[in-house]
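Chains as they are written, first to last, in the UniProt record's numbering: chain C, 1 to 536; chain W, 1 to 354; chain Z, 1 to 318.
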């Protein structure tokens, strides 16, 4: 190795220490610099894992989305503060690990019958609520029934529509009986609504008290302002290094940023992408940039003119310059979309589908074919959809001009966007949270009869494949089906998907994190409180 | 550097001596105190501080020179009566008029002046200033200078119409209430109370969510929100006048309400109203900026100074001046309007001494 | 003094009427907003069945007038109902926050009002001097910037570059008064900058407006020193518009500070109200709006009484 290589390796190791480089990047950089893979691997261990997880301290965590009207009801969780709080003071049956695999939480193990229509979960016998009582199968059944039944007001009701019955078998076994096969059910258990709460005697759950079986218990709190928690000593999982956790709702981007810079908080759940690069220059701050399955979509109603013509839909898909959008709206913190709602961060991602590029000329000829030259459409959006949503629509309108398409950007009020615009206006901009598997995503928003079929897309073959893939336990066959579905959505569907956004969040330099950060939510899958630690 | 410092002090000393010789006391005092300040600044801050002072003085001098020339220009083209008034205008008022004139020209001829369209994406995000883009590019790569020019048309136009609307509604109601008194006064007072007692941002949020966000709805809603402030002030000022003996006399003469308002009350209550106009004008700016904070402002990609500040506000923490440019545009206009207002206030107060 | 008392009572009566009108307006405005509490709470998770289930539970299917009258019946007996979203009594939900808001408003007012009036008198005295111009330009600049922007700049200089004050004004119950004042200094200062200019300019304008009056001329010819002319002769007659503007700004300090609360993460009532509107949580919107309305009415009443006391002519309307 030359001196230059040594310098390079030293700098890479430095970067690894600060958490600026992922393990995969680290390995490829180091081997490129002339190291052997084994050498690189051990260097990674000494630089990134120099300090082992240490217990102690109060973790102050600024979270970017909270509302005074939040409640502990798992059926109406909607803000990030509540979702992260739920991952901190309550438990789920399963959880998504840092490396993207599925791991145990309350459930020790799970298995299905061969048609995947009946699932059995074994509950960890050590799990206990903060009140001291053991978590039993009864609590799990009651917690799921909270989201089922005619009078349930849960937002997760649709996710359990194919669950016929949930029964407790003794204190530590729960059976889910489904109307059809669903190979993804254990993944579904990680949905943020399905937090386990203590059951009341009448089969309802006690969500009001805020009791849970998670790593931390709530000492005091005020919705939309802050929560103070302390460690639950009898927690069944590993981690929970901090003694206390303070979760602060910091809705204003500047407030979050200054709080992190001045050390008023130890971590924030979102960093304004505009200032991401500037923040990275601060040696006391680590900025994490994690690809996720969250996406920005632009659904068009496939049953409404002019979008009822597939050529018009494809012309609109060709008229957006995704690279410029990612560069200017996300400042690079995004993965390019290809008009099917299946992200590289999800399992079964088909990697051989050609990327759709910006091609105004082809768009023009498609429009000519459809007899829709000089097309004019309205695109509804609002600032609250995502950071830069309105800017993105404006940029898209500029791109589409080259294809002879006029896009009128209509800024709708932030307030009530998802009740008044989404699913009501024929062409709008939507932000989707990360879902664990393609099946969950497609079933929610692309299935013919889904309540959220935001593009009104009806494709027989797609719907047929969706049901087949769901019950298929053979992974390679399943992957093949998802590939075909992706092609259908890409070439026939009514949704423009410009990109999958990365999660960009930050922490002070003295916060230690695992090598891999979960891609399910910001702040390490919303579990920063139980997975991170202080290094000093 | 040394040459600069030497030249700097030499220029100031020579200027002081000349002014002392020709006996311009006011000017001499100013230049000489600047010299004394410069000695201290030079010792503490070095040549850098002197450069800042030089730039500051140069900007002030340019502004003063332009104002002086503009005043002369106005006197030349105005009708004799008006010209006489204009001659008495202080330099600050002339400066104010010049800025307003510039903004008006920029607003009216925006498409001709702006080198690029307000929505045109011409470069990378946050590109630095160059010959093509005087102030650089914004977050989408649009020319900030062009957007400022268009903003003069969109924001100032909107704010002006809304403020005029608020004044028309508020002052009319206030004057009528003062003159008529009785139940009408009480009724208008209660209506104003009702509107004012709902916080303006919430009121606007409710109204615009219900009525939609077209430009005219924004103008009307903003005018309605601000008219009670004008109403209360007018009512208070006019209330003081209505109890005067000369109004009593006019009433006994049998003059109608309109006569009282036009001939007796209005002329005696213009001063506080004019002062209020200058301020309300910038409050309207801010309300519109606040509305765009809630996603209810002008439709994109229309350039609007308030939203331009908001979009990049977080950058200020890193010393980036992008959000300061539109903020400065708003501040410069408000300050200028109020300079002119001050002068008019001074004239209408009847004070002769300067 | 009796007629003044009568007037106050009369105005209080009208105040109650205003509150009633406000409550009706707010109720129907919230009704007219697209979407209802069920859709707002469920957000992206709303399906027709869940929305219907929630509407049934909250009794939203009954006619609007019936629901309003029910609420009104409770409100006149002091029961403002429970939040439609959290099920918590409204008083608990917003009580503490209103106290926080009052504290911040009082903090800012104690600094801003004397400062603004004093500054107004000084610039009226030194009118058209360099000092007048500079004070003018500075105060005008401070109110021409959006308040969240002023907040950002203060944070940058007084918190990030010079760590004098905390950037976040979050409160905890065990703080001493000194700590509290230190923690909330930046939001208070932002508010001071926002309201000072208005009050100062009105003081100046009202005084200058009187300077040409014959009695001032008289005083001046008698050889009364300029500051005495202003403080003893002009100021007493200028109080009416000044008090009015002060009342307006005090009311603003209580009701208009949503953006400052957001920027400094201060748990005041403004943020609670905006949140409640977005959730269509009618009982909370209504209670907060009525608190604001009552604040306005009382301050306005105080302003009118102040104007009458300072101008005895108003006491006997002819």
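Even glycine gets a Cβ: it sits at the ideal position worked out from N, Cα and C.
Short CB-CB distance (under 8 Å) between residue i and chain Z
| i | result |
| --- | --- |
| residue 346/W | yes |
| residue 300/W | no |
| residue 111/W | no |
| residue 264/C | yes |
| residue 32/W | no |
| residue 416/C | yes |
| residue 256/W | no |
N- and C-terminal bounds of the beta strand (DSSP E) containing residue i
| i | result |
| --- | --- |
| residue 294/C | 285-299 |
| residue 102/C | 102-104 |
| residue 187/Z | From DSSP, residue 187/Z is part of no beta strand (DSSP E) but of the alpha helix (DSSP H) over 185-210. |
| residue 506/C | 495-508 |
| residue 222/C | 216-222 |
Contact with chain W by residue i, beta-carbon distance below 8 Å
| i | result |
| --- | --- |
| residue 12/Z | no |
| residue 501/C | no |
| residue 199/Z | no |
| residue 256/Z | yes |
| residue 328/C | yes |
| residue 323/C | no |
| residue 55/Z | no |
Chain C within 8 Å of residue i, Cβ atoms only
| i | result |
| --- | --- |
| residue 141/W | yes |
| residue 318/W | yes |
| residue 314/W | yes |
| residue 176/W | no |
| residue 213/W | yes |
Coil, strand or helix - residue i by DSSP
| i | result |
| --- | --- |
| residue 95/W | helix |
| residue 299/W | coil |
| residue 534/C | strand |
| residue 113/W | helix |
| residue 221/W | helix |
| residue 52/Z | helix |
| residue 72/W | helix |
| residue 24/C | The predicted position of residue 24/C is uncertain, since its pLDDT is 48 and thus under 50; a value taken from the coordinates is nonetheless stated next. If DSSP states are grouped into helix, strand and coil, residue 24/C belongs with the helices. |
| residue 31/W | helix |
| residue 330/C | coil |
| residue 33/C | Residue confidence is low: residue 33/C scores 46 on pLDDT, short of 50, so the model does not pin down where it sits. No coordinate-derived value is stated. |
Range of the contiguous alpha helix (DSSP H) that encloses residue i
| i | result |
| --- | --- |
| residue 244/Z | 235-255 |
| residue 318/C | 310-318 |
| residue 18/Z | 2-32 |
| residue 114/Z | 90-125 |
| residue 247/C | Unbroken run through residue 247/C is the beta strand (DSSP E), 244-249; no alpha helix (DSSP H). |
| residue 149/Z | 147-155 |
| residue 460/C | 460-471 |
| residue 481/C | 475-492 |
| residue 280/C | 273-280 |
Report task. Mind checking the region 114-144 of chain W against chain C and listing, in chain order, the residues whose C-beta falls within less than 8 Å of any C-beta there? Result -> Only 119, 120, 121, 124, 125, 139, 140, 141 from the region 114-144 of chain W bring a Cβ to less than 8 Å from some Cβ of chain C.
Query raised in the report: For the region 232-260 of chain C, which residues have a CB atom closer than 8 Å to at least one CB atom of chain Z, in sequence order?
Result: For chain Z, the residues of the region 232-260 of chain C that bring a beta carbon within less than 8 Å of one of its beta carbons are 248, 249, 250, 251, 252, 254, 255, 258, 259, in chain order.
Report task. Return the chain-ordered ranges of every beta strand (DSSP E) run that is complete within the region 378-457 of chain C and spans a minimum of 3 residues. Result -> List check, beta strand (DSSP E) in window: 406-411, 430-432.
Query raised in the report: Mind listing which residues of the region 276-294 of chain C have their C-beta closer than 9 Å to chain W's C-betas, in chain order?
Result: Within the region 276-294 of chain C, the residues whose Cβ lies closer than 9 Å to any Cβ of chain W are, in chain order, 278, 279, 281.
Query raised in the report: Going along the region 239-250 of chain Z in order, which residues come within less than 8 Å of chain W, judged by CB to CB distance?
Result: Against chain W - using a Cβ distance shorter than 8 Å - the residues of the region 239-250 of chain Z are 240, 241, 244, 245, 248.
Requested in this report: Pick out the complete alpha helix (DSSP H) segments inside the region 165-217 of chain W, 4 residues or longer, and give them in chain order.
Outcome: Within the region 165-217 of chain W, the complete alpha helix (DSSP H) runs of at least 4 residues fall at 182-197, 200-211.
Requested in this report: Can you give me, in chain order, the residues of the region 57-81 of chain C that have a beta carbon less than 7 Å from any beta carbon in chain Z?
Outcome: Listed by position, the residues of the region 57-81 of chain C near chain Z (Cβ gap below 7 Å) are 67, 68, 69, 71, 76, 78.
Query raised in the report: Just by C-beta distance, which residues in the region 23-46 of chain Z are closer than 8 Å to chain W?
Result: 25, 26, 29, 30, 32, 33, 34: these are the residues of the region 23-46 of chain Z whose beta carbon lies less than 8 Å from some beta carbon of chain W, given in chain order.
Query - Members of the region 359-390 of chain C that neighbour chain Z once the beta carbon cut-off is set at 9 Å - result: The region 359-390 of chain C vs chain Z, Cβ under 9 Å: nothing.
Report task. Give the residues from the region 191-211 of chain W that approach chain C closer than 9 Å (Cβ to any Cβ), ordered along the chain. Result -> Listed in sequence order: 205, 208, 209.
Query raised in the report: In chain order, what residues of the region 153-172 of chain Z put their CB closer than 7 Å to some CB of chain C?
Result: Listed in chain order, the positions of the region 153-172 of chain Z with a beta carbon within less than 7 Å of a beta carbon of chain C are 155, 159, 160, 163, 166, 167, 168, 170.
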